[in-house]
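Numbering (this note's numbering), first residue to last: 295 to 361.
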Amino acid sequence: MVNQRPVIRYVYVGQAERGTATPRNPRPGYRWVDGWSENGNTQPWLTRREAQADAKARGCRAEFVRG
């Protein structure tokens, strides 16, 4: 029997603006990415990668739903 982790469902809520400055490229800039929220249309909006990291830190897996 496979031991499945609990699921956190993230809902697509629109576009989120993220900064692109890094230590190797300190010039500030921004880009638009898909925004996902655990509670639907509430803050914080996370990118897909941020949501996966959040779920993993909580011992769960992320599931993404549009609509």
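Glycine is no exception: its CB is placed at the ideal position from the N, C-alpha and C atoms. Quantities reported herein were computed from a predicted structural model and do not represent experimental measurements.
Close CB contacts of N319 within its chain, under the 6 Å cut and outside five residues either way in sequence, are absent.
Residue pairing of Q309 in beta bridges, as defined by DSSP: D328. Between the region 321-336 and the region 300-307, the count of Cβ pairs shorter than 8 Å is three or higher; the stretches touch. For R318, no alpha helix (DSSP H) encloses it, and the DSSP letter there is neither H nor E. Distance from the CA atom of R299 to the CA atom of T336, rounded to whole angstroms, is 25 Å.
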